[in-house]
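For reference, each letter of the first sequence is one residue, going 31 to 578 in the numbering used here.
Contents: one structure, followed by commentary.
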Amino acid sequence: MKELLHNHLQKILADLSYPIVDIIFDRPKVEAHGDLTTNIAMILAKAVGKNPRQVAQSIVEKIDAKSLMLSSVEIAGPGFINFRYAENYVVEQAKEILRLNDNFGKSEIGKKKKTNLEWVSANPTGPLHSGHGRQVILGQVIANLLEWTGHDVTREYYFNNAGNQMRNLAESIYVRYRQGFGEQCDLPENGYQGEYIKEIAHEIKNEKGNSLLHSEDKTYFQKFGEEWCFKKIKETLNRLGVHHDVFYNEDTLYTEGKIKEVIEIFKQKDLAYDQDGAVWYRATKFGADKDRVIVKSTGEPTYRLPDIAYHREKFRRGFELIVDIFGADHIATIPDVLSGVNALGYDTSNVKVIIHQMVSFVNGEEVVKMSKRNANVYTLDELIDEVGSDAVHYFFVMRSVGTHLEFDIALAKEQSDKNPVYYLQYAHARIASILRFAAEEGFPVNDSDAMLSRTDFSLIIAKEEIDLLKKLLEFPELVQSCALSFEPHRLTTYLREVAETFHRFYHEQRVINDDKKLMQARLTVCLLTKIVIANGCKILSVSCPEKM
RNA sequence: GCACCCGUAGCUCAACUGGAUAGAGCGUCAGCCUCCGAAGCUGAAGGUUUCGGGUUCAAAUCCCGACGGGUGUACCA
Numbered sequence: 031m032k033e034l035l036h037n038h039l040q041k042i043l044a045d046l047s048y049p050i051v052d053i054i055f056d057r058p059k060v061e062a063h064g065d066l067t068t069n070i071a072m073i074l075a076k077a078v079g080k081n082p083r084q085v086a087q088s089i090v091e092k093i094d095a096k097s098l099m100l101s102s103v104e105i106a107g108p109g110f111i112n113f114r115y116a117e118n119y120v121v122e123q124a125k126e127i128l129r130l131n132d133n134f135g136k137s138e139i140g141k142k143k144k145t146n147l148e149w150v151s152a153n154p155t156g157p158l159h160s161g162h163g164r165q166v167i168l169g170q171v172i173a174n175l176l177e178w179t180g181h182d183v184t185r186e187y188y189f190n191n192a193g194n195q196m197r198n199l200a201e202s203i204y205v206r207y208r209q210g211f212g213e214q215c216d217l218p219e220n221g222y223q224g225e226y227i228k229e230i231a232h233e234i235k236n237e238k239g240n241s242l243l244h245s246e247d248k249t250y251f252q253k254f255g256e257e258w259c260f261k262k263i264k265e266t267l268n269r270l271g272v273h274h275d276v277f278y279n280e281d282t283l284y285t286e287g288k289i290k291e292v293i294e295i296f297k298q299k300d301l302a303y304d305q306d307g308a309v310w311y312r313a314t315k316f317g318a319d320k321d322r323v324i325v326k327s328t329g330e331p332t333y334r335l336p337d338i339a340y341h342r343e344k345f346r347r348g349f350e351l352i353v354d355i356f357g358a359d360h361i362a363t364i365p366d367v368l369s370g371v372n373a374l375g376y377d378t379s380n381v382k383v384i385i386h387q388m389v390s391f392v393n394g395e396e397v398v399k400m401s402k403r404n405a406n407v408y409t410l411d412e413l414i415d416e417v418g419s420d421a422v423h424y425f426f427v428m429r430s431v432g433t434h435l436e437f438d439i440a441l442a443k444e445q446s447d448k449n450p451v452y453y454l455q456y457a458h459a460r461i462a463s464i465l466r467f468a469a470e471e472g473f474p475v476n477d478s479d480a481m482l483s484r485t486d487f488s489l490i491i492a493k494e495e496i497d498l499l500k501k502l503l504e505f506p507e508l509v510q511s512c513a514l515s516f517e518p519h520r521l522t523t524y525l526r527e528v529a530e531t532f533h534r535f536y537h538e539q540r541v542i543n544d545d546k547k548l549m550q551a552r553l554t555v556c557l558l559t560k561i562v563i564a565n566g567c568k569i570l571s572v573s574c575p576e577k578m
């Protein structure tokens, strides 16, 4: 509709020999303002030299409302032009939902663009903690959104199983292992304090007895710890339905010489220099407050260098869109990585870095305290145990990434109307229940084609029905806009509105009815709603129960 | 100190990216089940969008400056 109208208006503007401007349609907030609105008259007013309402008038006079299936075109306020769809247009469009069914909402606007989405990327030094949940879920939902909009998505996990942190892990396990034999020793200064270290140590004890008690070489501890942690992480991701296509080991950047290459190129371009035994990156050239070390005097690179090399590889692997998801605590790395990649000759406008703000947990009134450095870590697994996978998905994605997220565990656990997940799932289950009831009465609803041919769509005229259909028809565009703006939270807002609009319809219009024709029509409305909720939930990776 | 993010109803957050009367949920108060799922619906109260300037037909949204909160600011990742 927008496209049709857009072309129509463009022609009118040309006929009136008005200047060419972008014609943008908005969905008015207030229902009285119709279904679509445009501000072109106000934009044109100055150039044309008339007041906005006059401009609007000249345009509206030329609009052929009937052929566009508009029931009204009005000028309002300072000069908005408001359009309202004809009901038969709405109903006609709604058939499309039934035809497309599972595919309603999908589009090809991504044009199969090769897209790399990297997220989670936690190093195997411990289980995922509850704060990781936001990133885990954001990435998954964004990946789904990108796929629904026709991107060719590779889901990637980047990890590092070498370096300080892993040595630290090995040392920590070793200490716990020795303590398991009653030896007196303390964790290293920044050692890992979590209980899981004791579990790992205990497993090693079971396998190896005391044979490693005095080993100088900690490789075994490191390997064992790495595998143990990775297994744990993958199990947690699995519980949330999160799967990665590629696990990219930072180590390959060394073994394949990529790190070296980047240093050389930097030095050639005078973007890196030696000083105090270290190699420095000229970050100041790109606006940073000071230059950064990229290779320590020990010969080990800092994280910036492999990060730059890694992003270069993403480009070299042919990705046209590169999406990274980081928590706000990693924000410092981003400018240097981007400027580095840019200096290597790649267009960083194709890199989208999503930074989400931190998460805090409350349990009703009580603040849940958490600290990485002590044993008091609330793992993501424990959170899933507590509130379930569906609530984890919904809650982590329901706020915009730019705002701090408060996760109320008590609310997420609550099986009542207070809980937004239940509100949505309830709508779905309620529809399923109606459809079951209808099926028993001899109105099977499992076949879209049959529904299409049986339904007399001209009977769908009640205000609540039209409102609901209009809402449902917004879905494809909403999915696109969520995907392109990387704002998955808007999907939860939308689905809540769908559920709300449905409940209102249900309350006002009786579905099960003596008038069989009418009943059929309303059953179809129910089914359409069910399709949209189910598709939306699929993107959110939230289940849609038939009963609850 | 500097950089980035945020500041909207008592609380948690929206606001289609500059539009019309700033909206939801929770909480509070008042209604609605003989009938398809009341895990639902309807209504009321609640706001100087932290404050002060600016930009324009139009600002919660953009710019400048305060104030308040968060996150960073390593030869840790």
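Cβ atoms here follow ideal geometry from the backbone N, Cα and C, with glycine treated the same way.
What you are looking at is a predicted structure, and each value in this text was computed from that prediction instead of being measured.
Query, Result
"How is the beta strand (DSSP E) around T433 delimited, first residue to last?", "Unbroken run through T433: none, as it is neither H nor E."
"For the alpha helix (DSSP H) that contains G287, what are its first and last residues?", "Looking at the DSSP string, G287 is not in any alpha helix (DSSP H), and its letter there is neither H nor E."
"So, at 8 Å on beta carbons, what are the nonlocal neighbours of L482 in its own chain, with the 5 sequence-adjacent residues on each side left out?", "K125, L128 and R129"
"Could you tell me the distance, in whole angstroms, from the CA atom of R322 to the CA atom of W310?", "5 Å"
"I'd like to check one pair, H519 with S430: are the Cβ atoms closer than 8 Å?", "yes"
"Short of 7 Å in beta carbon distance, which residues of its chain neighbour I338, apart from the five on each side in sequence? Order them along the chain.", "V292, V367, G370 and V371"
"Please report the distance separating the alpha-carbon of A95 from that of L489.", "23 Å"
"N372 by DSSP, collapsed to three states: which one?", "helix"
"DSSP puts G357 in a beta bridge; with which residues?", "H386"
"Please return the same chain residues whose Cβ sits closer than 8 Å to the Cβ of P506, not counting the five positions on each side in sequence.", "F134, G135, K136 and S137"
"Taking the Cβ atom as the reference point for each residue, do N279 and I561 lie within a distance shorter than 8 Å?", "no"
"When burial is assigned at 16 or more other CB atoms within 10 Å of the CB, is D544 buried or exposed?", "exposed"
"Would you call the CB atoms of Q223 and G357 closer than 8 Å?", "no"
"Can you give the Cα-Cα distance for R403 and Y452, rounded to whole angstroms?", "Legend: pLDDT at R403 = 49, less than 50; position of this residue unreliable, no value from coordinates given."
"How many Å lie between T378 and Y187 at the Cα?", "20 Å"
"Leaving aside the five residues before and after N380 along the sequence, list all residues of the same chain whose C-beta is less than 7 Å from its C-beta, in chain order.", "E350, L351 and I352"
"Pair every Cβ in the stretch 176-187 with every Cβ in the stretch 411-424, then say whether three or more of these pairs are closer than 8 Å.", "no"
"When we look at the beta-carbon of M388 and count the other beta-carbons within 10 Å, is it buried (16 or more) or exposed?", "exposed"
"Suppose contacts are defined by Cβ-Cβ distances below 8 Å. Is P23 in contact with N191 by that definition?", "Residue 23 is absent from the model: the chain starts at 31 and stops at 578."
"Just the C-alpha distance for L175 and K297, rounded to the nearest angstrom, thanks.", "40 Å"
"Which residues mark the beginning and the end of the alpha helix (DSSP H) in which K144 is found?", "Looking at the DSSP string, K144 is not in any alpha helix (DSSP H); the run it does join, the beta strand (DSSP E), is K144 to E148."
"Less than 8 Å between the beta carbons of V427 and L570, yes or no?", "yes"
"Beta carbon of L77, beta carbon of G109: below 8 Å?", "Rather than Leu, the amino acid found at residue 77 in this sequence is Ala. Going by C-beta atoms, A77 is not nearer than 8 Å to G109."
"When you compare only the Cα positions, how much space is there between E246 and I234?", "16 Å"
"Find the nearest neighbour of T363 within the set K143, R484, N146 and Y333, judged by alpha-carbon distance.", "Y333"
"Quick check for students: name the residue ranges of the alpha helix (DSSP H) that lie wholly in the stretch 475-536, counting only runs of 4 or more.", "478-484, 493-503 and 505-515"
"By Cβ distance below 6 Å, which residues in the same chain neighbour V103 in space, the five residues on each side in sequence not counted?", "V90, I93, A95 and F113"
"I need the boundaries of the beta strand (DSSP E) containing I105, first residue and last residue.", "L100 to A106"
"What does DSSP give as the partner residue(s) for T409 in the beta ladder?", "H159"
"Among T522, E256 and R552, which residue has its Cα nearest to the Cα of F189?", "E256"
"Does the distance from the CB of H498 to the CB of F532 come in under 8 Å?", "As written in the sequence, residue 498 is Leu, which differs from the His given in the question. Yes, Cβ-Cβ distance for L498 and F532 is below 8 Å."
"Leaving out the 5 sequence neighbours to the left and right, which residues in its chain are closer than 8 Å to V276 when beta-carbon positions are compared?", "T184, R185, E186 and Y187"
"State the Cα-Cα distance for the pair L271 and N146, rounded to the nearest angstrom.", "The sequence given here has Gly at residue 271, not Leu. Between G271 and N146, the C-alpha separation is close to 19 Å."
"Please name the residue, chosen from E219, I464 and E576, that lies closest to V541 on a Cα-to-Cα basis.", "I464"
"State the DSSP-derived secondary structure class of D182, mapped to helix, strand or coil.", "strand"
"In angstroms, rounded to a whole number, what distance separates the CA positions of K23 and M196?", "Since the displayed the chain opens at 31 and closes at 578, residue 23 lies outside it and no answer follows."
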